[in-house]
Amino acid sequence: MSAPPGVRTALTVVLPCYNEAERLPETLEVYLAHLSRVPGEAEVLVVDDGSTDATALVAAAVAAVDARVRVLAMRPNRGKGSAVRAGMLAGRGELLVFTDADGSYGPRDLDRIVGALAEAPVAIGTRAEAATGPLTRRAASRVFNLAIRGLLGLPFRDTQSGLKGFRRTAAQETFSRTRLDGFAFDVEVLFLARQLGLEIAEVSVEARECQGSKVRMAVDAQRMLGEVWAVRQLAASGAYGGLPVRHRQSKAALIDDSYAVDIKQPA
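For the sequence shown, our numbering gives the first residue as 43, with consecutive numbering after it.
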């Protein structure tokens, strides 16, 4: 349902889904209870990435009784990056936020991201547990972080948080250029945003540990490193098409409930 005349769609929440029939209903219930009920003002866009379970049917059932929900069905399964790209480009909101369909991030964190978008065109969640989780996860995260710093010059503490927001123009400029379909799509998005000269705010968030993660530490870490290298190669070959290269330093703001600190990033 489009926004009525005179009502602007302020916010789109994109939920990329693959086989989330069991967890999606609760996630939708939590977000819909929080979002505006003014017709057309907010929407939840469920992107079903070729699920083999009843995800599409579950989402359609909710959409049938709540006009704030839209469903975008994709076939075949291509990966989270593909689903997020499709949702961010199809969303009607002036602000677009994508988050995990398993409910890892709650409305309070969504509000933090939305609030940060008043100050910067891009806002990304930064998890405290990224530095304090299980040893194997922390080690893998550290190696991956060093790789993206070395290969792409990204200074962010947590590139893989599943909660990121964009103003509409920033989303269109960035996601229209992305190529990666896998889990490292976040890195490509942030690389492109920096190359476009967009300010990126880092926002403290709290992720809830959810069962049934689709990330396989050893296999996916290796694949993600390969995708990071692919971003470097694509950039070097000019595949991102006329993207202006920014040489001056930019800033990332670290934001929580009580303070904001500017972090100087290497050029």
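For glycine and all other residues, C-beta sits at the position ideal for the given N, C-alpha and C. All values reported here derive from a predicted model rather than from experimental measurement.
Output needed for Pro58: all residues of its chain with C-beta closer than 7 Å, excluding positions within five of it in sequence on either side, in chain order.
Val89, Asp91, Lys122, Ala125, Val126, Gly129, Phe140, Ala143.
What residue range is occupied by the uninterrupted beta strand (DSSP E) comprising Val111?
Start and end: 111-116.
Output needed for Arg154: all residues of its chain with C-beta closer than 6 Å, excluding positions within five of it in sequence on either side, in chain order.
Correct list, in chain order: Val245.
Neighbourhood of Val72 by C-beta distance below 8 Å, restricted to the same chain and skipping five residues each side:
Cβ neighbours of Val72 beyond the five flanking positions: Gly145, Gly148, Pro149.
Can you tell me whether DSSP reads Ala278 as helix, strand or coil?
Three-state DSSP puts Ala278 in a helix.
Beta-carbon gap between Leu131 and Gly207 smaller than 9 Å
Cβ distance not < 9 Å, so Leu131 and Gly207 don't count as in contact.
Just how far apart, CA to CA, sit Ala235 and Leu196?
Ala235 and Leu196 have their C-alpha atoms roughly 11 Å apart.
Expressed to the nearest angstrom, what Euclidean distance is found between the alpha-carbon atoms of Leu193 and Ala75?
Taken atom to atom, the span from the alpha-carbon of Leu193 to that of Ala75 is near 42 Å.
Whose C-alpha, out of Phe198, Leu188, Arg221, Ala101, is nearest the C-alpha of Val56?
Nearest C-alpha to Val56: Ala101.
Is the beta carbon of Arg134 closer than 9 Å to that of Glu85?
Cβ atoms of Glu85 and Arg134: closer than 9 Å.
I'd like to check one pair, Ala226 with Arg265: are the Cβ atoms closer than 9 Å?
Going by C-beta atoms, Arg265 is nearer than 9 Å to Ala226.
Contained alpha helix (DSSP H) runs [length at least 4] in the stretch 202-255, N- to C-terminal order
Taking only runs of at least 4 residues, the alpha helix (DSSP H) segments lying wholly in the stretch 202-255 are 210-217, 227-237.
Name the residue from Glu251, Leu205, Asn119, Ala165 whose alpha carbon lies nearest to the alpha carbon of Asp223.
Ranking the options by Cα distance to Asp223, first place goes to Asn119.
Determine the extent of the beta strand (DSSP E) in which Gly129 is found, giving its start and end residues.
For Gly129, no beta strand (DSSP E) run applies; the uninterrupted alpha helix (DSSP H) run containing it begins and ends at 122-132, by DSSP.
Taking Glu83 as the reference, which of Arg117, Leu114, Glu136, Asp151 has the closest Cα?
When only C-alpha atoms are compared, the closest one is Glu136.
Could you check the C-alpha separation between Pro230 and Arg117 for me, to the nearest Å?
One detail in the question is off: residue 230 reads as Glu in this sequence, not Pro. When rounded, the distance between both Cα atoms is 23 Å.
For the alpha helix (DSSP H) that Thr69 lies in, which residues bound it at each end?
66-76 is the span of the alpha helix (DSSP H), which, as asked, contains Thr69.
Output needed for Tyr282: all residues of its chain with C-beta closer than 7 Å, excluding positions within five of it in sequence on either side, in chain order.
The beta carbon of Tyr282 lies closer than 7 Å to those of Arg219, Leu234, Leu276 in the same chain, with the five residues before and after it left out.
What is the DSSP secondary structure of Val164, counted as helix, strand or coil?
Val164: strand per DSSP, three-state reduction.
Span of the alpha helix (DSSP H), counted from its first residue to its last, around Ala84:
For Ala84, there is no enclosing alpha helix (DSSP H); the enclosing beta strand (DSSP E) has its first and last residue at 84-91.
Residue nearest to Ala96 in terms of C-alpha spacing, selected from Val107, Tyr60, Ala165:
With distances taken between Cα atoms, Ala96 lies closest to Tyr60.
Look up Thr54 in the DSSP assignment and say whether it is helix, strand or coil.
Correct three-state label for Thr54: strand.
Alpha carbon of Met259 to alpha carbon of Val80, nearest angstrom
For Met259, the pLDDT reaches just 49, beneath the cut-off of 50, and the residue's location in the model is therefore unreliable, although a value from the coordinates is still provided. When rounded, the distance between both Cα atoms is 42 Å.
Backbone CA spacing between Ala170 and Thr216 [nearest angstrom]
The C-alpha of Ala170 lies about 26 Å from the C-alpha of Thr216.
Go through its chain and collect everything with a Cβ distance to Leu99's Cβ below 8 Å, but skip five positions before and after it.
Cβ within range, chain order: Ala63.
Assign Ser279 to buried or exposed, taking buried as 16 or more other Cβ atoms, counted over all protein chains shown, within 10 Å of its Cβ.
The residue is exposed, with fewer than 16 neighbouring Cβ atoms inside 10 Å.
Using the three-state DSSP reduction, which class does Phe198 fall into: helix, strand or coil?
In the three-state reduction of the DSSP assignment, Phe198 falls in the coil class.
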